[in-house]
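Line by line, the protein sequences are chains A and B. Following the numbering used here, the numbering of the first sequence begins with 1 at its first residue and continues without gaps. Following the numbering used here, the numbering of the second sequence begins with 1 at its first residue and continues without gaps. The next block holds one structure in the form of structure tokens; read it before the comments.
Protein chains: 2
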Amino acid sequence: MERSKAQPYHHGQLREALVTSGRALLEEKGIRGFTLRECARRAGVSHAAPAYHFASIDDLLAELAARGFDELAVAMTTEANRAEGGAAGGLIGQGVGYMAFAAGNPALFQLMSSREANRLDTPALAAAADKVRALHAAAVEAVIPHASGEIKQRMADFTGASVHGFISLLLDGQIGGKDSSRALKARGLSLLSAMAETVVRAGG
Amino acid sequence: MERSKAQPYHHGQLREALVTSGRALLEEKGIRGFTLRECARRAGVSHAAPAYHFASIDDLLAELAARGFDELAVAMTTEANRAEGGAAGGLIGQGVGYMAFAAGNPALFQLMSSREANRLDTPALAAAADKVRALHAAAVEAVIPHASGEIKQRMADFTGASVHGFISLLLDGQIGGKDSSRALKARGLSLLSAMAETVVRAGG
DNA sequence: GCTTCATCTTGACGATGGAAAGAGGCAGAA
DNA sequence: TTCTGCCTCTTTCCATCGTCAAGATGAAGC
């Protein structure tokens, strides 16, 4: 069969291409609309080609989730570094990065947030999620370095739950149904600053 | 074909049977492992029988989610009524009911929490979710009846996000990985009481 | 008893995830 | 250079899925 130069027999970058097309497909069709064959189609290969790179569709989803956590970590770090206000500002910045990532990649974020319900579990995914958690714990630690371990953990629970819960409910339409994007950002920032204040108080 | 008395041609309660088997299947196999045909099999009917009662598989999932919200509302109300400590105790009770329901029905809860990602949207589902939200708003209102509308809303955001975020992260293994069930309950209660205290302070 | 009609079954269609077998092309050995 | 082996991709096949269309069943009203 004739083959154009754009689609040689050996793709060469198929794994990356599948991750890219898969991520787009996930956001377009949602978790339940995601199919391996459509990913392959968009990457320009046959439906069985992905098998060599991903053992199963769940393996590809797990890879997408793992890369999502990597990217989430970058977003959190970037915003934390840009923020002013010392350690507390850094913690708020992490929250901003977290929410911005979730808002920008809602379906991927939901996949990451419900990998248990979707039965996804690979070492790479666990490690990527661990890294995000460590980043968050370090930010809390920086705000209240002299507090007890228990208080630090409680504050990490509290801040993590607040940020994750707020953006999750928002993306799911449970809060702020008719508010403007601008107003929602203000509500998010308000939540973040109140949250940071609570942590600071807990450290004193 | 011969038919046992247990499986007459007309099931009679098929809709209810499908909801029951579907709910069990959801918890067993997760959202991505859920199939309409398996629901029908467990209900003892042919694979096409559900079509008369549910327009599509998404329609059945939406029904499961809607009933989940109904049940969640009952759990919240029951715990709130049982709680002591006035309005603040009631708010805490709602949180206890919320977490208990989520912990007892993790897959269903995740379905309810990501219906956007799963593209589920029916009037009954929206109404059931609204009722839960109204219940929560009323509990906050009862704690700080004299506060401004903005503060009430902010406190509802805050408490909703805290409770939802905590139990979501917990069910997904993001927090409390190796802790005992007892310790986790304590952490949850600690979070709830701190949360209620924050609301009370916001009202003064 | 007969009709009617909601309910359920059977059978079919296209699509999916996955396995098996074979073709294509690159890279190292001769 | 040519040959050989292996990694990659295609083709073909299978069981299963959701959904549709057509037919069978039986309860309820006449």
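Glycine included, every Cβ here is placed at the ideal spot set by N, Cα and C. These numbers come from a predicted model, not from an experiment.
- DSSP places residue 136 (chain A) within a helical segment (H, G or I) once states are collapsed to three.
- When Cβ pairs closer than 8 Å are counted between the two stretches, the stretch 47-67 of chain B is seen to touch the stretch 116-135 of chain B, the count reaching three or more.
- Neighbourhood of residue 118 (chain B) in chain A, by CB distance below 7 Å: 30, 31, 32, in chain order.
- What residue 10 (chain B) touches in chain A, judged by beta-carbon distance under 9 Å, is nothing: the nearest beta carbon there is about 31 Å away.
- When DSSP states are grouped into helix, strand and coil, residue 152 (chain A) belongs to the helix group.
- Within the same chain, and ignoring the five residues on either side of residue 193 (chain B) in sequence, the residues whose Cβ sits closer than 8 Å to its Cβ are 92.
- Distances from the CA of residue 195 (chain B) to each of B:157, B:44, B:50, B:78 were compared; the closest alpha carbon is that of B:157.
- Separation of the CB atoms of residue 203 (chain A) and residue 147 (chain A) is rounded to 5 Å, and the pair is thereby assigned contact status at 8 Å.
- Secondary structure note for residue 32 (chain A): it is in no alpha helix (DSSP H), with a DSSP letter that is neither H nor E.
- Distance from the CA atom of residue 108 (chain A) to the CA atom of residue 100 (chain A), rounded to whole angstroms, is 13 Å.
- Within the stretch 165-187 of chain A, the residues whose Cβ lies closer than 7 Å to some Cβ of chain B are 165, 166, 168, 169, 171, 172, 173, 174, 175, 187, listed in chain order.
- The beta carbon of residue 110 (chain B) falls within 9 Å of a beta carbon belonging to chain A, placing the residue at that interface.
- Near chain B, meaning a CB-to-CB distance below 9 Å, the residues of the stretch 125-159 of chain A are 126, 129, 132, 133, 153, 154, 156, 157, 158.
- Your pair residue 90 (chain B) and residue 75 (chain B) does not check out as a contact, with CB atoms roughly 14 Å apart and the cut at 8 Å.
- Residue B:112 holds the alpha-carbon nearest to the alpha-carbon of residue 129 (chain B) among B:160, B:179, B:112, B:141.
- Considering only A:68, A:84, A:73, the residue with the shortest C-alpha distance to residue 132 (chain A) is A:73.
- Using beta-carbon distances, residue 58 (chain A) counts as an interface residue toward chain B, with a partner under 9 Å.
- With a cutoff of 9 Å on beta-carbon distance, residue 166 (chain A) and residue 191 (chain A) are scored as near each other.
- In the three-state DSSP reduction, residue 118 (chain B) falls in the coil class, being neither helix nor strand.
- At a cut-off of 9 Å, the C-beta of residue 67 (chain B) has no neighbouring C-beta in chain A.
- The beta carbon of residue 171 (chain A) sits closer than 6 Å to the beta carbons of 106 from its chain, once the five residues preceding and following it are set aside; these are given in chain order.
- Inter-residue distance for residue 97 (chain B) and residue 104 (chain B) is about 10 Å (C-alpha atoms, whole angstroms).
- Taking residue 151 (chain A) as reference, the option from A:199, A:178, A:181 with the minimal CA-CA separation is A:199.
- Taking 9 Å as the CB threshold, residue 190 (chain A) lines the interface with chain B.
- Against chain B, the beta carbon of residue 114 (chain A) has neighbours under 7 Å at 110, 114, 172, listed in chain order.
- For residue 193 (chain A), there are no neighbours in chain B by C-beta distance under 7 Å, as the nearest C-beta there is about 11 Å away.
- In the structure shown, the three-state DSSP call for residue 174 (chain B) is coil.
- Taking 9 Å as the CB threshold, residue 161 (chain A) lines the interface with chain B.
- Residues of chain B whose Cβ lies closer than 8 Å to the Cβ of residue 107 (chain A) are, in chain order, 117.
- Taking a contact as a CB-CB distance under 8 Å, the pair residue 114 (chain B) and residue 162 (chain A) does not count as one, their CB atoms being some 19 Å apart.
- With its beta carbon at least 9 Å from every one in chain B, residue 77 (chain A) lies outside the interface.
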